[in-house]
Structures are given as C-alpha cells and as structure tokens.
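Participant: Using the working numbering, the first residue of the sequence shown is number 478, and each one after it goes up by one.
By construction, the Cβ of each residue, glycine as well, lies at the ideal position given by its N, Cα and C atoms.
In this text the structure is predicted, and so the values were computed from the model without any measurement.
Attaching a single structure in structure tokens format; questions to follow.
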Amino acid sequence: MNLLMFEDACEHMARIARILKFPQGHAFLLGIEGTGKQSAAKIACFLMQIKIFQIDLIKNYTFRNWRDDLKNVLTFTGIENKSIGFILRDTQIYQYSFIMEDINIVLKNAGEIPGLYTQKDLEEIMQSCKYDQWPQEALIGVGKLQLQNFHINEENNEENIKNQKNMEDQEINQITLVLTKIHQSVQKASIKFKKELNRTNYVTPASFLEYISTFKNLNISKKEEIANSISRLKSGLDILEEANKQIKEMEAALKEMQPQLLAAQIETEKMMDSLIEEKNKADAKQKIVAEEELIASLQQQEATKLALEAESSVAEANIILSLTLAEVQKLKKEHLVEIKALGSPPQAVKITLAGVVILNTEKIKQNGGEIIMQVKEGQQLTMKKEENYFETAKRYLLNDTRELLEMLMNFDKDSIQQSTIIKLEQKVLSMPEFNIQSAERCSYATKFLFMWVKAMADYYKVYSDSKPLREKLIQMKKNVEEKTQELLIKKDALQKINEQIQLLQFDFDQKMIQKNNFTQQIILCQQKLQRAQKLIECLHEEKLRWASDISKLQKKIKQTIPLSLFSSAKITYNGPFTQKYRQRLSEKIQKIILKQPAFHNVQKDQFDIQIFLSSSLKIQQMHMQELPKDETSIENGIIMDKTPRWPLIIDPQNQANKYIRNLSRENPEGFEVAKVNQKTLLKVFETAIQSGKYLLYENIGLDDLETALESVFVKNISEFGNKMIINIGNKTLEYMDSFRLFITSCLPNPNFPPEYYVKFTVINFAVTPYGLEEQLLAQIVSLENPDLEEMKIVIVKKNAKEENDLLKIEDQILKCLSDIKDINEILKDENLIIQLQSSKMFAQEINERVTQSSEYIKSPPLDLQKICRDSTNITPLIFVLSPGSDPLIHFKKLSENEKMLKKTAYISLGQGQGPKAEKLIKEYVQKGGWIMLQNCHLCQSWMHNLSLICQELNENTNKDFRLWLTSMPSADFPIQILQNSIKITMEPPQTVRENLVNTFFQIKDLQTYDSLSKYQQKLIFSFSLFHSVIQERKRFGSIGWNLQYEFTNEDLSVCLKQLNFIFQQKYDIIPLKVLIFLGAEINYGGRVTDNNDLKLINQILTDYIENEEEFSLNSKQEVLDFIQQMPINTTPEFFGLHSNAEINNSLENLRFLLENALLLQPSYQYQEENSSNYFFLKWIELQKAPSPIWISSFFFPQGFLTAT
C-alpha cells in the first residue's frame, strides 16, 4: 500500500491491533467511505500476523455462497486453531440482508449458526478437532515427568554415586527422546497405513502414556528376571568352584590319612594277637571250670537225691509226729492239774509220764531240775533207789502247761540219744500198761502224752534206720560244698581273665573304631572326591555355558532399556498393522533407538521380541495350541500374552478364536464364551470374573460393546481388605487375578472408534501368506496322510514335553545348587549327581532327535461324504456355484448314502422365501435333519437374518442338523457365515483328465460298471470322453466354440440313462444313430444356438460313438488307472486345434491372474520405481507371457481378500 502513516491513522491501527489481541476481539469501524477503515484493519491484522478474508461478491452471490464462505472461515479458525480477520464492508451488509443476521448470531453465540453444517461436515469437524496429537515438546515433557523416579543404574557405591545423577539425567533425556520419536513415527505410519490400505489405527496421547508405562514395567521385570538368572547361575558356578577346591582338599586329606590308617591297622593287628592269646587262655580255663562245674553239678544232683531219700524215709514218722503234736496242743491246764492231783495214779499214767520225763531229762536238768529218786518198793532194807518219774513230772513238767507244751512241741527229735531210747524201752515201752487203751482210760492228757512218747520212740527207730543214708548225705554235702568253693575260686580267676579280655576287647574295639573311622573317612572322602569329579565332569559344559550365560546376561542387563523400548513399542503400537507395515515400523524404531549414544551397545539382530519376551519352548507351546507359525502370528501371540490391556483382535479367519480356545482349555478354572447378542452376557462376565476363568467375547461389531462392562474393559479394579474387587453396574464382585478377557471381531477391516484403541490393545490377526501356506499344508497332510500328520503332532508334542522336562531339570539343578550352603551337602548325596548324569544323557537324546518333514500329496476328487462327516451341527456348508455346475445331483446322492433322503428339505430362495426358510430352520434345529437353501445370492435382503440365525446355533442344536447353502459369488453375502462355514467350490473340471475322474467317481449309473457288457462299457467311456472334450474346448474361447455354452454333468447323466435304457431293451443291433441324435441334438445340442457349433458337436460325438477300435479296459479300476496316466494339461492337438490356440488361453489366464492379484495390492496413490509392483509390470512388458496358471474364477471377493 502506498500510504502516509499520519498520527491519527497510527492511533486507529494501534486501537484495532489491541482489540485483535484479545480472544473474540471484534471491531465495528465507523466512518464514511474512503477514510481508510479497510486499510487500517488490514495493517492491524498484518501487525498481529492474522490472515485476512473478504467475501468475493460475484454475480448472483446467493445465501448458499455466503454460508459456504462463512463455513470456510469458521472451519479454518476452529480446525487450524488460527485467528482470521473477516473484513466486511458496509455496502456488502446493506446489499445482502441475510449476512447481518448471521453476523449477529456469530457475535452472540460464538459461531453456533443453526443449519450451517451438514451431518457429514460435523463428522469431519469432530474428527479433525480431536486432540489426538501432542506436539513434540508436550511429549517430551510428559515423558520426563513419567520417568521422574525411573532408576537406570542400581549401583550406589561411593565411586559411582557422584557421577550417577548426571549420567541418569542424560540417559533419561535420551530415553524420553526415543519414546517421543517412536510415538511420532507410529503416528506417521498410521497415516500412511490409512492412505495405502484404507485401514484405521488411532495413535493417541493415551497410547503414549501406555507405551511409557509398559516400558517401565517391562524394564523392571526383565532386569529382575536377568538378575535372578545371574544369581542362580553364579550359585551354580560357586558350587562348582567349591567342588574344585574340595577336590584339592580331599586329595590332601587322603594323602594325610593313608599313613594314619596304616599305623592303626598295625596296632590293631598287635592288639588282635594279644586278645587272641588271652582268649585262648580264658578258653582253656573256661573248659576246666566247665568240667568241674559239671562234676559239682552231678554231685549236687546226687546229694539232692540222697536228701530226698532220707526225707522220704522219715516222712511217715514225721507225719505221725505232726499229728501227735497237733493233738498234744489240745492239752489244757486243767488236764494236767487232774493228773497232778492224783495221789495214787494208775500205772499207765506213771509209765506215760516216765516216758515224757526220760525223753526230757536233759531239758529238766538244763532248767535246774533232776530226776527224783525213791527207795525201790520192797528194798527198804537195802535202800536201793529207783527213779520216781511221776513225782519228777509233777515237780518239773506239770506245773506250767504252756512251758510243757512248748517243750513238747519244740522237742529236738533228731537229738534223741540211744541210751535214752534204751532206758525208754526198759522203763516204758516194754511195760504192758503202755498202750493207747490204757492211756485213754486214765485221762485225756495221758492219751496225748502217750501218743507223744510213742511217736518219739517210733521216730527214733526210723531215724536210726536212716542214719547211714544221712551220714552219706552229710558227706556228700560236704564234698559238694568243697567242690563249690574250689569252683568259685576258679570262677573268680576266670572272671578276672574275662575282665582282662574285656579290657583288651574294649581297647581293640576302640582301635577298630578308630581304624574303621579312618577307613570310612577315606571311603567317604573317595566318594566325595568321585562325586565332586563327576559333578565337575558332568557340569563341565554347563560351567562353560553358565559362565558364558552370566557374561551375556551381564551385557543383557545393560541392554534392557533399549530392548525394553523396542519390545514395549511392539506391544503398544504394532498390533493393528499388517506384516509389511510392522516390518517397516520395526526398522524405523531400531534406527531411532540406535541413534542414541547410550544405546550403541545393542546390535540390530538383538531387536527380537521372540527372544526378549518369550522363548522357543513357549512359542512351541503356542503352536501346539494351534497358533499359526508365521512371524506375525507369533508376534501377535506374544503381544496377547504381554499387553497390560485386554486384547481386541481383528480375526476374520477365526485363527485367534481357535488359538484362544485351545489356550483357555489349559486354564484350571476353565473358560467361557460370550456373544454380542447374548441375553446372559453380564451374567457370563460376572461368573468368569469371580471364578478366574478365561473369557472369549467373540464377533463384536463396530459399536457392540456393552456400556455396563466399561469397568471391566478399562480394568477399573480396586483393593478391599485382602481382596480385589470390581464394580459392574450396581454390583460389587470379587476379582480373581486369573481372569483374562479376549475380544475378537470377524470384520476384516473394522473402523473401530478411537476410544477402542485407548481401552484395548488392537491386534490384527488376519492371515498372512506364510501362515496360510502353513495351515493349508497342515490341512492337506491331515486329509491325505492323517497318519503322517498324527505322527508329526506326536513328535512335536513329545519334543515340546522333553524340552520342557529338560528345562525343568536344569532349573531344578540350579535351584538345588543355589539352595545348598555347604558343598558337603551335595557331595554326601549321590541323587543329584545321578540326576545330573541322567539329564545329560536326556539332553543328548533330545538333541539327536529330528522332526519328520511333511509331504505334499495330490488331492483326490471331491469327497462330499468325508466333508459331511467332518462337519458339525453348527457349521453351515456352502456350495459356491459356478456357471455349468450343479451340486444338487451330488447332494442328493450324499443324502441317500447317509440315509437322510427323507429328512432333507429344499427351499429355493427368492422373494418372500426368507420367512419360510427361517421357520423351517427353527423346526429342524429341534428335531434334526438337513436343509438345502438354494440360490442365496437371489435373496440378499434376508442374508442378514440368516447370519443371525447361524450365530444362534449352539451345542443345544440337534446333532443330526446340517445347514446346506448354495450361492453364486456375491459381495453382499454375509462374511460371518463365510468365515464360520465349510466352503465347497463346485466348478466344472478344468481338464479332460479331471472331467473323466470326476465322471467315474460321481456318476451314480457307473456303480455297476464292472457287471455291464464290454460294448456298453465302451459307450459309457465314449460319452464321458465326449463330455470332457466339449467342456475343455471352452478354454480356447472362440476357437473352441463360437459361443460359450454351459454344459453340465446333468447332460451326461441323461445320456447315460438313455444308453442304459436302450441296452435294457436288448436290441440285436444298438441304435447308435439314436444315441447320437439324443446326445448331440437334444441333451447337449439343446443349449447350442450356433449352427456351426451344432455341426461340430454332432461330429465329435459321432467320432467317439461310432469308433470301431477295440476297448481293452476290462473294469472300472482299469479305466481309472488309465485316466490317471493321462497328462494333466491337454494340448490343443488333442482337440484337433493348432498349437497356437494355447496362446489366447494363456493370455486370458494371465490377464485374469493379474487382475485378481491387483485386488490384493495396496491402493498406492503413486507407483514407486523401486517397488516390487514396478519391476513386475516392467517384466511383463519385456518378457513373454508366462505359462498358464489356473486360478479359480468363482469366489466371494470379501472372502478371497480375507483368505476365506
């Protein structure tokens, strides 16, 4: 502008600029036209760096034009978040009154003008205004804040503590930068992902926070894991080092103990000699003592015998005496007083008392008495005296009854002297009055005293008679006593000898113990030495490997940060991408990490999550659970296992569904399956959470998540006491830690809303080419050679188990080694050494085993019966129709063979047939049977209902129920049915050989082929060959036929029935002209509209039917063998065509192949010159067309693109 900046103008511009500085700063400039209002406003906007916008009043400027301009202005300010100066002139406002009304609304309602935006506009604005990207400074700031307490170096020694803080700050800055750049690179990759493949992946700030959290947790867990491994390996190495040390110590100990053992042996042998000598002496002495002891024993026995004889000789007298004494005890004082009072006692009394006195004379004298003497009657002159025993008795015996009784009872009967007995015989025993009768008549006392005297006299006689025996007994006892004394002396001597021997034996035993201890110590030391040597030998390789592993782990622990950055990025971001984009993104992430100086210690080949986050054994277990073996599927399995969020899996081919089911079966608590439309959905979730089950929530759509389960989806779990709880609706449930949730969607390219990417880890499980190849190979092998496939499964499982066992053994060995505090504990126990040796042998056996490889086998013709028996009651079976194919013949034959002909219903779908089909399906689901729904492509409006019906099929469905469908390829066919069904392509065979094989396998009329006449067999083969030839001529286009005709197997079947009918009529000559006319003009010719084609078909059939060559094939099997020997691809010459006819066919096949291949390629907006497509197309331009490759022309596009 050529302007003069005078003071008033500058002041006006400053005022306008000040207004523009504030939010929603609007200005109303007053003045007449030409005073510089627009210029001042434009310069003020320029000063404030505000874009200027003015409406362009063209001819016929309408309200719609105004609204578009206004919408552009408001959209720019809102989406771009930039200010704009909208300058309106007064003439424009006056000319168009509707402008003022909208301006008033803008100023009053901050831009909310009713009807300004369409729904599509609003969606685009909402999408654009979502604040899903933070600027780099925001990402770095958040990253530093999140890593505030993140410790890189755990060493806190004095040497490192000074520099540690500065080093950590520098490394955290580098980590933050890596986190930021990786996040931004994923954002860019997602944009490219959307442009090239039209697949959406939302990368939000929440993803960045999740990335940081995953990185921190993963880094901590890996460091702990590596530290524990190092500790265990070090413990093992320490034990081995201690074993080496022990070997040296034990060798020295053995060398020291050998002389001590030799000295102990010599000393023990000397003591043994002394002990033997003393034992010999003792044995001799013992022998003498034993002999004398035997003699003494015999003498003792003889003495005992004599004593018994002596006692028996006086036994009777003793008995009588005992009885007499018992009677004597009955004497009373008054009895004796009676005798004493007798002045002139009877003679019997005197004689009896005389006997008592004579026997007790010595006792009387001892008591100071004497025998009273008196002058003998009639001898007064001579004064010759005699004993007065009566008076003596009265004086000395009868005074004290007790004393008398004691004297009588204790009388020493063995001391009676012979003189006493002689005197007793003279004075008493010889007297006639001395008898029991006389005594009894005198008195009671006299009787007992008589008995006593008589008993004593009798005893003496017996005692006197046994005197020699008693004397001999006495002598014998004396001898025995002497011998016993001698024996005691010798026994004492022997005892002393034995005591000496015991001392010697004790010393000898002690010396033997010492010797045995030495021996045991040597043996134990030798055993320990051998075990230690075995331990060292057995773990020699392990020692080297453990030392190497420790070195690697020590390096690896320093690499955990860069590897955790890489792996956590894969977990957080890689899930939604396809294989190609994952590879690109991984390479980009590696470059970002390796660009930082702190992470130069990592090599490119170390960026592998299979190694860092998993193991070969774990991956093998995944494969056994039917996880595909391609890299993408393995990565998906690891992400599912390691992600902190629940996985949301894009699973169009149900690969993840199958894997999750197999994985969940190993959960001890079991697993549940939930569906979107399930009425008991919340109940299933509640049960699984409380029981700790695995839960598969399958086949969700774009907006099917139950809002009541939001707390489950975001893992809103809290602690309550010692339990974990979660709220679902108004219910508080105990949360079991073993609960796992898997969510799948069968949509091939779902456009999930951004919040799904915040709540879940989205994982793309769509099949990859390699994964598809592996699965197809497994299917082929399992179908064609099930024994080989079963053998492979057994070997894989066995290898997995053995590797797992080997790993457990090594872990157990390391645990045992780490738990042992003293090496002697392990050297005392041979079990661990044996276990080590067995584990070594086990490892060698495993390493020598190899797994058998699979084989490719040619596929036989379609076997519907096998397909049917492999199907289930909840799996639909779809015949994919192609022009000229009719599966109904094969289906009816199958139903007849399976005895389901009467239980099969048919409905040809079309307008109004959907409800009938639905009713029939519900009926057959309950009672069982087959339903054939034909031509599903003609009832597209009802296909959604059919999809829902198929989803409701469950284990309660009758086991005999089967749902059969036929359909031409259709883009509107439900993909969920395609993915969960068995698909059977019923196409006309593509070669003559295939046609003939199909004919002889499938045509019912050929079941009795071998029993037919040779001529009929020839005609059957001729018709079959004719059918195959005219079918294959179609592949040569207009050279084969002028027009394209859809010949079917039914045409051939009718011809063969007519042939069979003619032979049944038993014509003498078969009317070949009739057969040719029926076949060429009616059965096949009815479809032919071109006259030349009709002539050609007549000629071909005539050549085959009227051919007079001999037919040498004698059975159906020989026919089949002959067919199998035919070439796979038939040359044009076989049909009577020039070889150049193949060129058109090859070009057409190539065109079709490339068109379909391009359907699978990304929709690039530009063609890179270094891309594979570019080189391929260049090669096509420069080279000749390749050999023809047949590819099915009949498929569902949505199924083909998802490998369904």
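With DSSP run on the structure shown, which of helix, strand or coil describes residue 1131?
Facilitator: Coil at residue 1131, not helix or strand.
Participant: What's the call for residue 505, buried or exposed, on a 16-neighbour Cβ count within 10 Å?
Facilitator: Exposed, because fewer than 16 other Cβ atoms sit within 10 Å of the Cβ of residue 505.
Participant: Given this structure, state the Cα-to-Cα distance separating residue 1599 from residue 1276, to the nearest angstrom.
Facilitator: Approximately 44 Å, taken between the alpha carbons.
Participant: For residue 1104, is the classification buried or exposed, using 16 other Cβ atoms within 10 angstroms of its Cβ as the cut-off for buried?
Facilitator: Under this definition residue 1104 is a buried residue.
Participant: Helix, strand or coil for residue 562? Go by DSSP, reduced to three states.
Facilitator: Three-state result, residue 562: strand.
Participant: With a cut-off of 8 Å on the beta carbons, I'd call residue 1553 and residue 1506 a contact; round off their distance for me.
Facilitator: Actually they are not in contact, since the Cβ atoms of residue 1553 and residue 1506 sit about 15 Å apart, beyond 8 Å.
Participant: Any idea what DSSP makes of residue 1177, helix, strand or coil?
Facilitator: Residue 1177: coil per DSSP, three-state reduction.
Participant: How big is the Cα-Cα spacing for residue 498 and residue 488?
Facilitator: So the two alpha carbons sit approximately 15 Å from each other.
Participant: Which of helix, strand or coil does DSSP assign to residue 727?
Facilitator: The answer is helix: DSSP assigns residue 727 an H, G or I state.
Participant: Given this structure, state the Cα-to-Cα distance separating residue 482 from residue 553, to the nearest angstrom.
Facilitator: Approximately 32 Å between the Cα atoms of the pair.
Participant: Just how far apart, CA to CA, sit residue 595 and residue 490?
Facilitator: Roughly 38 Å between the two C-alpha positions.
Participant: Which residue wins for smallest C-alpha separation from residue 1228, given the options 1406, 1181, 1212?
Facilitator: Checking every option, the nearest Cα to that of residue 1228 belongs to 1181.
Participant: Using CA atoms only, rank isn't needed, just tell me which of 1346, 752, 1214 is closest to residue 1199.
Facilitator: For residue 1199, the nearest C-alpha among the options comes from 1214.
Participant: Given that a residue counts as buried once 16 or more other Cβ atoms are within 10 Å of its Cβ, and exposed if not, what is residue 753?
Facilitator: The residue in question, residue 753, is exposed, as its Cβ has fewer than 16 Cβ neighbours within 10 Å.
Participant: Please list, in chain order, all residues of the same chain as residue 627 whose beta carbon is under 7 Å from its beta carbon, the five residues on each side excluded.
Facilitator: Contacts found: 649, 693.
Participant: Report buried or exposed for residue 903, applying the criterion of at least 16 other Cβ atoms within 10 angstroms of its Cβ.
Facilitator: Label assigned to residue 903: exposed.
Participant: Helix or strand or just coil, what does DSSP make of residue 590?
Facilitator: Residue 590 falls in the coil class under three-state DSSP.
Participant: Counting along the chain, where does the beta strand (DSSP E) carrying residue 1208 start and finish?
Facilitator: Per DSSP, residue 1208 belongs to the beta strand (DSSP E) from 1208 to 1211.
Participant: Might you give, ordered along the chain, the residues of its own chain that have their beta carbon closer than 6 Å to the beta carbon of residue 869, omitting 5 neighbours on each side?
Facilitator: The residues are 834, 848, 849.
Participant: Could you check what DSSP says for residue 1146 in three-state terms: helix, strand or coil?
Facilitator: DSSP places residue 1146 in coil when its eight states are reduced to three.
Participant: Excluding sequence positions up to five away, which residues of its chain have a Cβ less than 8 Å from the Cβ of residue 1551?
Facilitator: Result list for residue 1551: 1539, in chain order.
Participant: Do residue 1441 and residue 1354 have their C-beta atoms closer together than 8 Å?
Facilitator: Contact: yes.
Participant: CA-CA distance, residue 866 and residue 841?
Facilitator: Rounded to the nearest angstrom, the two C-alpha atoms are 12 Å apart.
Participant: With DSSP as the reference, label residue 1241 as helix, strand or coil.
Facilitator: It is a strand residue.
Participant: So, at 6 Å on beta carbons, what are the nonlocal neighbours of residue 1226 in its own chain, with the 5 sequence-adjacent residues on each side left out?
Facilitator: Taken in chain order, the residues that qualify are 676.
Participant: Of the choices 1367, 935, 1582, whose alpha-carbon is the least far from that of residue 1530?
Facilitator: Comparing Cα positions, the closest option is 1367.
Participant: From residue 964 to residue 728, what distance separates their C-alpha atoms?
Facilitator: The alpha-carbon atoms of residue 964 and residue 728 are separated by roughly 59 Å.
Participant: Specify whether the region 977 to 991 and the region 691 to 709 touch according to this definition: at least 3 beta carbon pairs, one from each stretch, less than 8 Å apart.
Facilitator: With a cut-off of 8 Å, the region 691 to 709 and the region 977 to 991 do not count as touching, because too few Cβ pairs lie within range.
Participant: So for residue 825, helix, strand or coil by DSSP?
Facilitator: Residue state, collapsed to three classes: helix.
Participant: Cα separation between residue 1582 and residue 1458?
Facilitator: Rounded to whole angstroms, residue 1582 to residue 1458 spans 43 Å at the Cα level.
Participant: Give the DSSP-derived three-state secondary structure of residue 1156 in the structure shown.
Facilitator: Of the three classes helix, strand and coil, the one that applies to residue 1156 here is coil, per DSSP.
Participant: Please state if the CB of residue 1607 and the CB of residue 1469 are separated by a distance shorter than 8 Å.
Facilitator: Yes, the Cβ-Cβ distance between residue 1469 and residue 1607 is below 8 Å.
Participant: Going straight from the alpha carbon of residue 767 to that of residue 975, what length do you get?
Facilitator: Using only the alpha carbons, I get a separation of about 15 Å.
Participant: Evaluate the contact criterion for the region 556 to 566 versus the region 522 to 539: three or more CB pairs, one atom per stretch, below 8 Å.
Facilitator: Contact between the region 556 to 566 and the region 522 to 539 is present, because at least three Cβ pairs lie under 8 Å.
Participant: Could you please give the first and the last residue of the uninterrupted alpha helix (DSSP H) stretch that includes residue 870?
Facilitator: Its alpha helix (DSSP H) spans residues 866 to 873.
Participant: Compute the distance between the beta-carbons of residue 898 and residue 934, then report whether it is under 8 Å.
Facilitator: Yes.
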